[in-house]
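**Q** Just so we're aligned, residue 7 is where the sequence shown starts under my numbering, counting upward by one. C-beta atoms are modelled at their ideal positions from N, C-alpha and C, and glycine is treated no differently. One structure, pasted below without further comment.
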Amino acid sequence: MIDDDLLVGGEELFLKGLPRRQQRHTKPDTSLQEAQNSVYRWWWEYLRLSKDYWLVCQTSERGSVKTDDQQLRRVYRGFGDIYSCTFDEWWLERGYRLFTEQEKFPKVVEVQRRPSERKRQAPAEDKIWVEVPLKLSRRTIQKQLGKLLDEYESSRLERRLLLSTAEYKINPVQFGKNTLKKIHEVHALHRELVEKPKWLRQHQPDKVDGEARADLFRIGKLLRLSPSNESLRGEPEEVRARLNRMRVAVSRLLKRSELLIANVEQGIFPSYKPVEQATPRFTARQLAQHQELEAKWWEKSLMSELSTDKLAGVKGIQYEEPVRTRQVNMIRDPSQRRVIIRDV
């Protein structure tokens, strides 16, 4: 982990996950504004969605991390209790340390012409030597170098993760913050409006809020996951097909959110790769303790501050499910075969 003493005398913090022109900083405070809406922020937000991580935060004490999962234990020691603070507080205290590069990045340099003057007689495994004809124009040289680098694109993508010397490395995948935000919103809304009411009906029926109830279609419509399937006007069979397609779109993102959470529990983000849990994370005694904390878990709202308007928005979408075909056939006037939709 980076030592604060390194920041004295103008040493730079280098944060690869920030926009290119905002990656270098001399102190944590100057990196905060960019970090607030960065991949680092979504790493923090997805870790907050982990129930197992929350349970570890609730039950662990100084020097005693209550889990048998070594990776989850490592993550807790690095990230700490992220539920008792804001992102800004966490970033300035811990976050920047986890993601700052520990070593300077290599640079493109000229190889000496004479073998006796070279440090190496052949390029390292992660480098290539290139001969550049100086009589060519700059534009032509850059174009040909670009084509040459394209041939190494797959290995460059793999090596980008190895190049990082940060304690926690951003996984070099091909999707950005907007996708991460959308998937997070799907998961958080589903938890708040589908899973939470279901749990309350079983354990605390007196606390069920009827207005909070929602389904996958409402979530998909609010987040514009499939605009072509938002309309609920037309023949009932057509409407039902659109409802199903929208629900499938939401279900697909829910599965992705579970994969993102499973990986972030291992200290990897973002990643959709399946994670196998070989051994139990908790002892029988710890599981018994977790049962006592169940209600407290559902009291928490895990909506991101970057998505605060979404919960109110989904409650404003009201619609009626189309009746089945046998019932529709009883309606003789086709003009009556419509679905009522009220967007508040």
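Provide the residue span of the alpha helix (DSSP H) that contains I147, from first to last.
**A** Its alpha helix (DSSP H) spans residues 144-156.
**Q** Distance, Cα to Cα, E201 vs P286?
**A** Roughly 24 Å between the two C-alpha positions.
**Q** Is V270 closer than 8 Å to S56 when the C-beta atoms are compared?
**A** yes
**Q** Would you check if the distance between the CB atom of E191 and the CB atom of K316 is smaller than 8 Å?
**A** Going by C-beta atoms, E191 is nearer than 8 Å to K316.
**Q** Going by C-alpha to C-alpha distance, which of K279, N184, V81 sits closest to L231?
**A** Among K279, N184, V81, the Cα nearest to that of L231 belongs to N184.
**Q** Let me make sure I understand the geometry here. Which of Q76, K133, E159 has the alpha-carbon closest to that of K113?
**A** K133
**Q** Take the Cβ of E51 as the centre, count every other Cβ of all protein chains shown within 10 Å, and call the residue buried at 16 or more, exposed below.
**A** Per the 10 Å Cβ criterion, buried.
**Q** When the Cα atoms are used, what is the spatial distance from N43 to W97?
**A** 12 Å
**Q** With a threshold of 16 other CB atoms inside 10 Å of the CB of E107, please say whether the residue is buried or exposed.
**A** buried
**Q** Look at the Cβ atom of K22, then the Cβ atom of Q28, and state whether they are nearer than 8 Å.
**A** no
**Q** If we ignore side chains and look at the alpha-carbon of each, how far apart do L308 and L61 end up?
**A** 14 Å
**Q** What is the residue span of the alpha helix (DSSP H) that L206 lies within?
**A** Start and end: 202-209.
**Q** Taking only the alpha-carbon atoms, compute the straight-line gap between G240 and I323 and give it to the nearest angstrom.
**A** 18 Å
**Q** Helix, strand or coil: which one does DSSP assign to L61?
**A** helix
**Q** Looking at the structure shown, is F288 part of a helix, part of a strand, or coil, going by DSSP?
**A** Three-state DSSP puts F288 in coil, outside helix and strand.
**Q** Would you check if the distance between the CB atom of L24 and the CB atom of E40 is smaller than 8 Å?
**A** yes
**Q** Residues bridged to R30 by DSSP?
**A** F20
**Q** Between the Cα of R258 and the Cα atoms of S313, Q208, D75, I189, which residue gives the shortest distance?
**A** I189
**Q** If I measure Cβ to Cβ from H196 and keep anything under 7 Å in the same chain, skipping five residues before and after, which residues do I get?
**A** Cβ neighbours of H196 beyond the five flanking positions: I225, L260.
**Q** Taking the alpha-carbon of V281 as reference, which of A290, I267, V179 has the nearest alpha-carbon?
**A** Selected option, being the one with the closest Cα: I267.
**Q** Just verifying my parser: in three-state terms, what is the DSSP assignment at S257?
**A** helix
**Q** By the 10 Å Cβ neighbour count, where 16 or more other Cβ atoms means buried, how is Y174 classified, buried or exposed?
**A** buried
**Q** Could you please give the first and the last residue of the uninterrupted alpha helix (DSSP H) stretch that includes Q108?
**A** Counting along the chain, Q108 falls outside any alpha helix (DSSP H), and DSSP gives it neither H nor E.
**Q** Just curious, the alpha helix (DSSP H) that T185 is in, first and last residue?
**A** It spans 183-196 - the alpha helix (DSSP H) in which T185 sits, taken as one unbroken run.
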